[in-house]
Amino acid sequence: MSFKANQKQSPYIAKELEKIQSKLKPFMKKSTIYTFISMPLITFSMMHLGIILFQIGISQEMMLVVVIAALSGAFGLALFKESMHVNKQMFQTSVDYMTDRILKSTKIPDQSREQYLDQIHTEPMKAVNTFCLFLEQEERIKKIEEGAVSIFGKANDMTK
């Protein structure tokens, strides 16, 4: 998931995307660490096991090396699987944040909120784009309301 605000997006949307990123930062750090540790372990064990099995052959003297390579490979695969689990948690956390944010909005009509929520749940890979569309609509409504208030405020000042 990419939460980088492009140049077309307003500061309002960028601020919301930064909030999501701050919630996901611990997950991203953990996933990155697990992946960077697991890849060398898996590579090391596969290379050593391949060399031992196909070129040298397993003998009593090589058994310790085989066990160490197998254990490091198993540990690497476990870390990689854990990083995948953390990625799923990260994705779910971001979808939960977007859902809560849409539900808490008072500016958007209920029907529109339901449409955004349905779209996020039916097409989770487009959740960030859907959330940005929601934020754009919310920002437009907010600006319209502020414009109407300032217009009426000026009109009231003129009558006095």
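Throughout, this note's numbering is defined as the position within the sequence shown, counted from one, plus 2.
Glycine is no exception: its CB is placed at the ideal position from the N, C-alpha and C atoms.
Since the structure is predicted, the reported quantities are computational estimates derived from the model, not experimental observations.
- Around the beta carbon of F136, 16 or more other beta carbons lie within 10 angstroms, which makes this residue buried.
- Rounded to whole angstroms, the gap between the alpha carbons of Q113 and C134 is 17 Å.
- Straight across, the Cα-Cα distance linking L79 with T34 is about 14 Å.
- Burial is judged here by how many other beta carbons sit within 10 angstroms of a residue's own beta carbon; L81 has at least 16 and is buried.
- In its chain, beyond the 5 residues on either side, S85 have a beta carbon closer than 6 Å to the beta carbon of T37.
- Under the three-state reduction of DSSP, K109 is assigned to coil, being neither helix nor strand.
- When the beta-carbon positions are compared, V68 and I54 come within less than 7 Å of each other.
- Just so you know, the alpha carbons of A72 and K27 end up roughly 33 Å apart.
- Counted as a single uninterrupted DSSP element, the stretch harbouring G59 is not any alpha helix (DSSP H), since DSSP gives it neither H nor E.
- Judged by DSSP in its simplified three-state form, E125 adopts coil rather than helix or strand.
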